[in-house]
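A.B. asks: Under this note's numbering, the final residue of the sequence shown carries the number 326; numbering is consecutive throughout.
Note that the Cβ used here is the ideal one computed from N, Cα and C, for glycine as well.
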Amino acid sequence: MKISVIIPAHNEESSLGGTVSAIADTLLQERIPHEILIINDNSTDKTLEICQHLSEIFQTVRYINNQPPNGFGFAVRRGLNEFEGDAVAIMMADASDDAQDLVAGYHKLLEGYDCIFGSRFIKGGYVVDYPIHKLAINRLANWFVKSIFGLPYNDVTNAFKIYRREAIAGVQPILSYHFNLTVELPLKAIVRGFSYSVIPMRWYNRTSGISKLKIKEMGSRYLFIVLYVWLEKHLSRGDYHRNKQMGELRVNA
74 MKISVIIPAH
84 NEESSLGGTV
94 SAIADTLLQE
104 RIPHEILIIN
114 DNSTDKTLEI
124 CQHLSEIFQT
134 VRYINNQPPN
144 GFGFAVRRGL
154 NEFEGDAVAI
164 MMADASDDAQ
174 DLVAGYHKLL
184 EGYDCIFGSR
194 FIKGGYVVDY
204 PIHKLAINRL
214 ANWFVKSIFG
224 LPYNDVTNAF
234 KIYRREAIAG
244 VQPILSYHFN
254 LTVELPLKAI
264 VRGFSYSVIP
274 MRWYNRTSGI
284 SKLKIKEMGS
294 RYLFIVLYVW
304 LEKHLSRGDY
314 HRNKQMGELR
324 VNA
């Protein structure tokens, strides 16, 4: 099974090279068929030059220059339209994710799950240098999502997740333009009946560059997408049915 790794990158000249090199080296060492797809999201620094350099060093790395407007969701959606693998992982350009967790998620996916979700807050997972105010908001937001959906999963807002191609097709249409996409994809996958497993993962705060997540700007967007999927869950009245044998999502007309 070939896995595609989507890495959205907006002005990540200080961290993109190390991030991609670590992922590529790890996947090559583990002999995992893969491609790494960098989405250069309208960067104004040297991110494009680094993308070009990485694609020359690694045969499995390619990049796409996304069109304006920029935004995490726009970039990931472009990648989801372009990836070539049987499954796709979403990882950050700032080295916050660990390549070994990608390997663990890949092998877990081979057990037959449709999706693999990472959690930093279960046994075996941990965070390094997480800003305390962001951590408090994170835990409150995840408690809210977990409560209203009745989920055992406690880290929905985490970006690191892996989906089979069929699951990505099954969560269309995707609405989110920004970081709320990290919530839309897993919640839709769960509500629409795709199987998933949760693995512990490590998260490291960036050591260079500037975080693109602006909590004040994102609060209403997160709430919108959470309530949108919650309404789908409770008001669709069973309109979504998956064909378990074919792995397809069907909608009653």
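Once DSSP output is grouped into helix, strand and coil, what is the label at residue 263?
C.D. replies: In this structure, residue 263 counts as helix in the three-state DSSP scheme.
A.B. asks: Enumerate in chain order the residues of its own chain whose CB-to-CB distance from residue 197 is below 6 Å, with the five nearest sequence positions on each side excluded.
C.D. replies: Cβ within range, chain order: 273.
A.B. asks: On the CB-based measure, 16 or more other CB atoms within 10 Å of its CB, does residue 255 come out buried or exposed?
C.D. replies: Burial call: buried.
A.B. asks: Looking only at its chain, what residues have a beta carbon closer than 6 Å to the beta carbon of residue 237, apart from the 5 residues adjacent to it on each side?
C.D. replies: 160 and 187.
A.B. asks: With C-beta atoms as the reference, is residue 192 less than 8 Å away from residue 231?
C.D. replies: In contact: residue 192 and residue 231 (Cβ atoms closer than 8 Å).
A.B. asks: Based on the DSSP secondary-structure assignment, which residues constitute the bridge partners of residue 190?
C.D. replies: Residue 190 is bridged to 234 and 271.
A.B. asks: Assess contact between the segment 208–217 and the segment 112–130, defined as three or more Cβ pairs (one per stretch) separated by less than 8 Å. Is contact present?
C.D. replies: In short, these stretches do not touch, since the Cβ pair count stays below three.
A.B. asks: What residue ranges within the segment 110–149 form continuous alpha helix (DSSP H) runs of no fewer than 4 residues, ordered along the chain?
C.D. replies: Counting only runs of 4 or more, we get 120–130.
A.B. asks: What whole-angstrom Cβ distance do residue 174 and residue 233 have, given they're in contact under 8 Å?
C.D. replies: Indeed, because the Cβ distance is near 7 Å, the residues count as touching under 8 Å.
A.B. asks: Give a yes or no on contact between the segment 170–184 and the segment 238–254, applying the rule of three or more CB pairs nearer than 8 Å.
C.D. replies: Cβ pair count under 8 Å is below three, so no.
A.B. asks: Identify, in the order they occur along the chain, each residue of the same chain with its Cβ nearer than 6 Å to the Cβ of residue 124, setting aside the five sequence neighbours on each side.
C.D. replies: 111, 113 and 136.
A.B. asks: Going by DSSP in three states, residue 205 sits in which element: helix, strand or coil?
C.D. replies: Note: residue 205 maps to helix in three-state DSSP.
A.B. asks: Beta-carbon within less than 7 Å of residue 199's beta-carbon, same chain only, minus the 5 sequence neighbours each way: which residues are those?
C.D. replies: Excluding sequence neighbours, residue 199 sits near 193 and 275.
A.B. asks: Please name the residue in 226, 263 and 80 whose C-alpha comes closest to that of residue 146.
C.D. replies: The residue with the shortest Cα to Cα distance from residue 146 is 80.
A.B. asks: With residue 393 and residue 157 assumed to form a contact (beta carbons below 8 Å), what rounded beta-carbon distance in angstroms separates them?
C.D. replies: A question about residue 393 goes unanswered here, because the residues of the chain that appear run from 74 up to 326.
A.B. asks: What is the DSSP secondary structure of residue 77, reduced to helix, strand or coil?
C.D. replies: Strand, per DSSP.
A.B. asks: Use the C-beta contact count for residue 83: other C-beta atoms within 10 angstroms, 16 or more gives buried, fewer gives exposed.
C.D. replies: Residue 83 is buried by the Cβ-count criterion.
A.B. asks: Which two residues bound the contiguous beta strand (DSSP E) that contains residue 162?
C.D. replies: Taken as a continuous stretch (DSSP letters only), the beta strand (DSSP E) holding residue 162 covers 160–163.
A.B. asks: So, with DSSP's three-state summary, where would you put residue 250?
C.D. replies: Correct three-state label for residue 250: coil.
A.B. asks: In terms of alpha-carbon separation, which member of 90, 294, 278 and 78 lies closest to residue 202?
C.D. replies: Closest option to residue 202, Cα to Cα, is 278.
A.B. asks: Going by CA-CA distance only, name the one from 299, 241, 280 and 246 that's closest to residue 163.
C.D. replies: Closest by alpha carbon: 241.
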